[in-house]
Structures are given as C-alpha cells and as structure tokens.
Amino acid sequence: MPLSSPLLPMKFVKEVQTSEVMRGYSSAAFEKDMHERRLSMRSWTNPHSPDCGLANKNIPGFSPEANRTYLHLHAHEGDVIALCELIGLGATVDYTGTAVGQTPLQVAFQEMSAMRILRTQMLRTVGAAGGKNMENSFNRLAWCARILIEQHADVNKTVNGVSLVDLSCDWNDWTTLTTLLKHGARPSNSQLRKTAVKAHLAKFTKLHGHADESRPPRICPCWSGLTVANCHGREDKDYPLQYVCPCGSNKIYQHCCHKRGSHFIETWDTSGGPGRIIPEYAERRAGLQVVKNVATTFTQMFDIEMPEMTGGKAAREQYIARLVSKGEIDVAFAYALTRADFTPRPQRSSLSRLVRRNAQSRWNGYVDEYVQLGKDPRSAEDIAKAAKISSGNGAYFKTCQAPNCGKIEGSSSLFKRCSKCKISAYCSPACQKANWKMHKNMCCSEEQTEQALPSQINMARITAKSMESLNGRVDLSGLRP
C-alpha cells in the first residue's frame with residue numbers, strides 16, 4: 001500500500017518545500033513511521049493521541065524520563081511540515097510531560113541556541129557551503145518556533161534561565177523577536193540594560209512596543225493562513241477529499257466513504273482545551289444543532305426533559321432513568337446508554353463498516369458488563385435480545401418481519417435473510433413470501449436500515465414526536481428524515 005500524504009493543504013506543503021531554508025531537507029511527514037501514526041491518529045475506530053510519548057536514547061533530551069512527544073521531536077529537528085501536521089491533528093503545543101519538562105517551543109529555542117554556538121565555533125572549518133547549511137538549519141528551527149508562537153504557545157518560558165526575547169535579541173533574529181513581542185513575550189531587565197548601550201536600541205524599543213498590545217488571534221491549524229475566528233472557528237468546512245478517511249479503512253476519503261455518499265466535515269472543538277479541528281459526520285453535526293435549537297422549548301412541552309438542557313452526565317442519566325421508569329427502553333439497553341458516548345441507531349449501508357462494527361463492539365461490551373453484574377433474572381441470551389446490536393447497529397437478534405408473526409431468533413435458531421439485501425429476516429419461506437409486497441420497494445434501497453431494537457424504536461418515536469410538535473417553533477433544518 002502506498003504511503004499516505006500529510007494531512008495538510010497541498011499548496012501549503014509545496015510552499016514549505018520550495019522555501020530556500022528547506023533545500024536538501026526531507027520531512028519525516030513522508031516516512032513510513034509517520035504514515036502509520038497518521039492512520040492511527042485519524043481513525044475513528046481506535047484513535048491514538050497526537051500527544052503520544054516518544055523515547056529515544058539516541059536523541060539528546062528524549063529519554064523515557066523526559067516524557068516528550070513527537071511534537072517535541074519535530075520542534076527539535078526543525079521539521080516544519082511534520083510539526084504543522086501534528087498540530088493540525090490536535091497536538092498540545094505547550095505539552096511538557098513532567099512538572100519540570102520543556103515545551104516544544106523551549107526545545108526549538110534550545111536547539112537554536114546550540115546551533116548558534118556551534119556555528120561560531122565551526123564557521124572557520126566548514127566553509128561557506130557548510131555555513132549556509134547551518135544557517136538553514138537555524139532558520140528551520142526559528143520557523144517552527146514562530147509557528148508554535150502563532151499557535152499561542154507560552155512565550156514567557158526560559159531556556160537555561162534566559163528568556164526567549166533575550167536569546168532572539170542576542171542572535172539578531174528580528175523576525176522571531178518581532179513575533180515574540182507581538183504575542184506578549186517579556187524581556188528581562190538585564191537584557192534591556194544591555195541593549196540600551198547598543199546600536200539596536202531604537203529598533204528593539206520599537207519592537208518592544210508590541211508587548212503592550214493584545215495577543216494576535218491564533219492562526220487556524222488547517223494552515224489556510226486565516227485566523228481561527230475567520231476560518232474553522234467561524235463555520236464548519238468540508239473534509240478534504242485527498243485526506244485519509246477517518247473511518248479507519250486506510251483509504252483516501254474521496255475513494256472511500258465519500259464515494260458511498262457519506263459527507264464528512266471539519267468542526268472546531270474546544271471541549272478538550274484551547275481548540276482543535278476534528279472530523280465529523282455532517283448529518284450528526286446537523287442533528288446536534290437541531291438539539292440545541294429544540295432544547296430551549298422542550299421541557300415546557302414534554303414530561304421528559306432533554307439532558308442537553310441541563311448538561312452533563314447526571315442530566316443524561318436522569319433522562320435515561322425516566323425512560324426506563326416509563327417502560328420506553330430496556331434496563332440493559334439503558335445501562336449501555338449510560339456507559340457509551342453515543343446512542344446507537346440502525347445505519348444505512350453507506351456508513352463505514354468499520355465505524356459500525358466499532359460501535360457494535362463497544363456497545364455489546366457494555367451489555368456484557370450489565371450481564372456480569374448478576375442483578376437481572378433474565379438469561380444472558382434474553383438480555384442480548386433486548387439490548388445487543390448488530391454490525392448495522394440495529395437489533396442483534398432479529399424478529400421475523402412477516403406481518404403478525406413476532407417470532408424472535410436465538411443463538412441456536414438464526415433466521416434466514418433476504419438473499420438480495422441480506423438485511424430482512426424471516427423465520428420461514430412462508431413468512432418471507434407473505435412480506436414480499438411490503439419489502440420489495442425497500443429492498444437494497446439507500447434508505448434501508450437494519451431492524452431496530454424496541455428501545456431504539458421508542459427513542460426514535462419520542463424524538464419524532466418532539467420534532468413534530470416543535471416544528472415551526474424552532475429551526476429544524478438539517479435534520480435527517
């Protein structure tokens with residue numbers, strides 16, 4: 001399988017690669033290791049954190065005790081493309097790992113300091129070409145530093161007790177110094193006194209004036225060049241066709257879920273910190289917006305309160321308990337619902353099989369947990385019939401779909417499926433024949449889903465009732481019928 005491309009705009013990648021300071025440098029973003037980590041970080045089925053640790057005793061400062069990440073490594077190496085991709089995947093720009101650890105910005109400045117010392121010592125021996133290579137290495141590190149600063153990294157850290165402003169001033173790196181001061185970095189008093197007797201005083205004072213201004217807005221980590229407020233923070237964006245598909249198939253989105261009709265978007269998520277871009281199903285996002293619209297009027301009209309109104313786990317559990325008390329959902333289904341971060345519903349075939357199977361595995365694991373509690377007098381199979389879901393996220397054990405039959409299959413008596421759609425279940429050929437007139441119009445259609453559990457049917461009915469009553473009072477646009 002060919003290696004995947006960095007999750008970055010192609011235009012941005014080309015601009016970086018053609019920069020003079022990147023001459024002769026190959027980014028780790030194009031290597032197999034990053035390809036494998038990219039797939040694992042982007043996958044919905046088993047996502048890995050972009051802040052996963054990196055220990056390599058062959059790299060100074062990257063011992064297991066340092067608890068550094070790949071973002072530290074890319075800052076350490078001046079790898080602009082790999083650094084930007086990892087930030088776009090949600091890496092924490094101020095990650096330290098330990099109470100006395102360094103941030104990626106500090107690591108970049110530490111390498112810049114070492115590079116300046118080495119350059120001074122070796123300039124006479126490496127010649128002009130070698131000096132140019134060292135200058136390019138320094139400038140790549142400085143580029144990474146400025147990227148981290150514009151992502152609102154803490155600019156008032158120190159390296160060996162020296163402020164970042166002091167270091168930049170000593171190096172005459174006015175571009176980085178300007179960025180630092182604009183973002184609120186403070187020089188030490190000793191540096192100000194030292195600078196006061198230099199010819200650079202006027203320029204330094206002018207730059208230092210930026211420190212009194214408010215910090216510039218964060219640049220959007222999609223690398224469009226816009227600020228977050230004017231980009232992903234303003235509105236959702238279509239998920240790029242050439243990016244790896246989040247479903248976990250390892251294919252390109254354009255040739256995977258998009259081809260099957262699934263629409264993914266990128267949304268701005270602030271639930272876990274300062275904000276990051278995450279991929280999402282467009283219809284799920286639209287449904288969440290509808291819930292927000294409904295929440296302001298729901299409790300005034302219905303006996304069951306929407307948990308989103310009061311927010312939090314306690315409200316959700318109260319909502320679920322009331323559904324159980326009213327006989328709307330099975331107690332085993334309710335247990336899984338309190339444990340899961342999603343509500344399963346029968347899905348269309350266009351939804352990624354990997355995503356559906358991952359949901360099935362997680363949900364049924366919670367049902368097994370409930371069985372192991374030993375509080376329910378029903379057999380494990382009867383509980384499974386009431387609460388477990390299939391790979392299509394509908395009922396695991398099917399009810400015969402013929403009119404007036406009602407038989408339910410078991411582990412030792414599985415029903416036959418329609419030979420064409422492989423979804424509809426029948427206990428006998430006679431039942432299948434009796435249901436054919438009703439089934440043939442739905443068979444293999446895009447709207448066909450697996451049979452739902454009774455609990456799923458009741459939850460859908462309650463939602464539909466609320467939507468019908470609220471229609472015209474709140475904005476329901478974007479809700480899937």
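Residue numbers (full-length UniProt numbering): 1 to 481.
Yeah, the Cβ is synthetic: ideal placement off N, Cα and C, and Gly gets one too.
Restricting attention to Thr179, Cys222, Ser168 and Val371, the CA atom closest to the CA of Arg146 is found in Thr179.
A distance below 8 Å separates the beta carbons of Pro221 and Ile277.
For Val155, same chain residues with a beta-carbon under 7 Å away, outside a window of 5 residues either side, are Ile149, Leu164, Leu180, His183, Gly184 and Ala185 in chain order. Residue environment for Asp79: buried (at least 16 other C-beta atoms within 10 angstroms of its C-beta). Bridge pairing for Arg417: Ala425 [DSSP]. Note on the segment 24 to 99: whole alpha helix (DSSP H) runs with a minimum of 4 residues are 32 to 42, 70 to 77 and 80 to 88, in chain order.
In this structure, DSSP gives Glu20 a helical state, which the three-state scheme calls helix.
In this structure, DSSP gives Ser163 an extended state, which the three-state scheme calls strand. For Phe12, same chain residues with a beta-carbon under 6 Å away, outside a window of 5 residues either side, are Trp223 in chain order. Secondary structure note for Asp269: its beta strand (DSSP E) is the uninterrupted segment Phe264 to Asp269. Of the residues His258, Cys427 and Asn139, the one whose Cα lies closest to the Cα of Thr175 is Asn139. Of the candidates Ser5, Lys420 and Asn458, Lys420 places its Cα closest to the Cα of Asn441. In this structure Asp236 is not in contact with Thr270, their Cβ atoms being roughly 14 Å apart against a cut-off of 8 Å.
Under the three-state reduction of DSSP, Thr158 is assigned to strand. In the DSSP assignment, Arg353 falls within the alpha helix (DSSP H) that extends over Arg353 to Leu373.
DSSP places Lys398 in the coil class of the three-state scheme, outside both helix and strand. When the Cα atoms are used, Ser428 and Phe333 turn out to be separated by approximately 29 Å. Using a Cβ distance threshold of 8 Å, Ser361 and Glu381 do not count as a contacting pair.
DSSP places Thr178 within a helical segment (H, G or I) once states are collapsed to three. A direct Cα-Cα distance of roughly 13 Å separates Ala153 from Gly273. For Arg276, the enclosing beta strand (DSSP E) starts and ends at Arg276 to Tyr281.
Listed as beta-bridge partners of Gly225 by DSSP are no residues whatsoever. One Cα belongs to Gln151, the other to Ile219, and the distance between them is close to 6 Å. No Cβ-Cβ contact shorter than 8 Å links Val367 with Lys398. Within its own chain, the residues whose Cβ lies closer than 7 Å to the Cβ of Arg38, once the five positions on either side in sequence are excluded, are Ser4, Leu7 and Val244, listed in chain order.
By the neighbour-count criterion, in which a residue is buried when 16 or more other Cβ atoms sit within 10 angstroms of its Cβ, Val100 is exposed. When C-beta atoms of the segment 454 to 461 are compared with those of the segment 313 to 329, three or more pairs fall below 8 Å, so the two segments count as touching. Contact annotation: Ile423 and Arg417 have beta-carbon atoms nearer than 8 Å. Sequence-distant partners of Asn46 (beyond 5 residues in either direction) whose C-beta falls short of 8 Å from its own C-beta, in its chain, are Ser40, Gly248 and Asn358.
Residue pairing by DSSP places Lys237 opposite Glu266 in a beta bridge.
As far as DSSP is concerned, Thr343 takes part in no beta bridge. The shortest C-alpha to C-alpha distance from Trp436 to any of Lys465, Leu453, Pro403 and Glu446 is the one to Pro403.
Leu414 counts as exposed, since fewer than 16 other C-beta atoms from the protein chains shown sit within 10 angstroms of its C-beta. Between the alpha carbons of Pro246 and Pro346 lies a gap of roughly 20 Å. When secondary structure is reduced to three states using DSSP, Thr449 falls in the strand class.
In the DSSP assignment, no residue is bridged to Val324.
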